[in-house]
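K.L.:
Protein sequences appear in the order of chains W and X.
Using the working numbering, you'd call the opening residue of the first sequence number 1 and step up by one each time.
Using the working numbering, you'd call the opening residue of the second sequence number 1001 and step up by one each time.
Heads up, the beta-carbon is just placed ideally off N, CA and C, and yes, glycines get one too.
Encoded as structure tokens, here's the structure I'll be asking about.
There are 2 protein chains.
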Amino acid sequence: MLSQTAEYALRAAVRLAELHPEGPIRVDDIAADLRVPRNYLSKILHSLVKAGVCASTRGPHGGFQLVRPPDQIRLVEVVGEFDPALVSSERACLLGREACSDEDPCAAHERWGGVRQRVTSFFEETTLDLLVRGGAALPAGN
Amino acid sequence: MLSQTAEYALRAAVRLAELHPEGPIRVDDIAADLRVPRNYLSKILHSLVKAGVCASTRGPHGGFQLVRPPDQIRLVEVVGEFDPALVSSERACLLGREACSDEDPCAAHERWGGVRQRVTSFFEETTLDLLVRGGAALPAGN
DNA sequence: CGTATTTATCATATAGACATGAGAAACACA
DNA sequence: TGTGTTTCTCATGTCTATATGATAAATACG
């Protein structure tokens, strides 16, 4: 469901969350842990910096670290940077934007809208913290 | 959320359902209605034939038609041919197959599994008929 | 049988996702 | 200031999704 890139980003973010609040973590280390191409991950992490999720430090003892504690970073912040359509709350119709709209809804509009809403809410309400430590901090949702 | 191809397929299937049980409908007509590339749609419809959703007839008065009434064709049959991962009931973890498993689940396994289940169920329980005619034949689900 | 009609198939083109590699820029530290 | 470390950036390559165009095969009908 996630693109490869978004999945890499999420796994890297989880790794950063696990190690938070230790000092910067090198791309090399994360890439080795996750078995993800080093240079590719480097670009992805840089995107997360631009997205305001983590910060980077260059030079010796450099690397990446989260800018906020994991319980204050929502998955939408990570995933939305790479799969914007997936987490957007705009209710795209199943049959595409032109085929129907909220004004002139297709027959499955409401049913599909409900499913979409579940997906969107998951990414908006789930924090990195939950992926790392688990727990039932949020309403069950299923 | 659907790939372009799966969306074309679904829209074409809905069009066929609207016209069911009239005789074969030409690709040209469907493509014009849906504003979808003709030859591309031709290939997609051919895939639907292989998937057992519709049948094709060549030559004059030829075209495509559903092999069953729309209330007996589930969306999974149409979409699954093009986006198999989306409709698969295999519970892929959010973080990827290697990162966690049902045996050694990540902390969000259950939460994400529930969301995935909603999506899967939608495609398995919704029929083409519902997209065309609407109605509340199935349990609300949201 | 011949011809027009329509799908089936093949070859090719284009764009974006995914990935690799090299070198530039920033930084710590002696 | 010099050197090694690490991120940043650019150029390039590969693969798949998306699409286009031409030709082959099947069919209806006069």
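1. Give the secondary structure of Gly1063(X) by DSSP, where H, G and I count as helix, E and B as strand, and everything else as coil.
2. Take the Cβ of Thr1057(X) as the centre, count every other Cβ of all protein chains shown within 10 Å, and call the residue buried at 16 or more, exposed below.
3. List the endpoints of the continuous alpha helix (DSSP H) containing Thr1057(X).
4. Taking Cβ-Cβ distances shorter than 7 Å, what residues in chain X pair up with Thr126(W)?
5. Beta carbon of Pro24(W), beta carbon of Gly62(W): below 8 Å?
6. In chain order, what residues of the same chain have a beta carbon less than 8 Å from the beta carbon of Val78(W), not counting five sequence neighbours either side?
7. Just checking: is the beta-carbon of Pro52(W) within a distance shorter than 8 Å of some beta-carbon in chain X?
8. Taking the straight line between their C-alpha atoms, what separation do you get for Ala1108(X) and Val119(W)?
9. So which residues on chain W does Arg1118(X) lean against when the C-beta distance must stay under 9 Å?
10. Do Phe123(W) and Val87(W) have their C-beta atoms within less than 8 Å of each other?
11. For the alpha helix (DSSP H) that contains Gln1117(X), what are its first and last residues?
12. Ends of the alpha helix (DSSP H) at Ile25(W)?
13. Quick check on Ala1015(X): does DSSP put it in helix, strand or coil?
14. Which residue marks the beginning of the alpha helix (DSSP H) containing His1046(X), and which one marks its end?
15. If you reduce the DSSP assignment to three classes, tell me which class Arg1068(X) lands in.
16. Ser1003(X) and Phe1064(X): beta carbons closer than 8 Å?
17. Using a cut-off of 7 Å between C-beta atoms, extract the partners of Leu86(W) located in chain X.
18. Is any beta-carbon of chain X found at less than 8 Å from that of Ser89(W)?
19. Using the C-alpha atoms, what's the distance from Gly1113(X) back to Val132(W)?
20. Name the residues in the segment 1059-1089 of chain X whose C-beta lies less than 9 Å from a C-beta of chain W; which are they?
P.N.:
Straight from the coordinates:
1. Note: Gly1063(X) maps to strand in three-state DSSP.
2. Exposed: under 16 other Cβ atoms inside 10 Å.
3. That residue, Thr1057(X), is in no alpha helix (DSSP H); its beta strand (DSSP E) goes Cys1054 to Thr1057.
4. Ala1108 and Arg1111
5. Yes, the pair counts as a contact, with Cβ atoms nearer than the cut-off.
6. Here the set comprises Ala6, Ala9, Leu10, Ala13, Leu48, Ala51, Val53 and Leu128.
7. For the sequence presented, residue 52(W) should be read as Gly rather than Pro. For Gly52(W), the answer is no, since every Cβ of chain X falls outside 8 Å of its Cβ.
8. 13 Å
9. Gly114, Val115, Arg118, Val119 and Asn142
10. yes
11. His1109 to Glu1125
12. No alpha helix (DSSP H) holds Ile25(W); DSSP gives it neither H nor E.
13. Residue identity differs from the one stated: residue 1015(X) is Arg in this sequence, not Ala. It is helical.
14. Arg1038 to Lys1050
15. coil
16. no
17. Met1001
18. Among the residues facing chain X, Ser89(W) is not included, as its CB has no counterpart in that chain under 8 Å away.
19. 16 Å
20. Leu1075, Ala1085 and Leu1086
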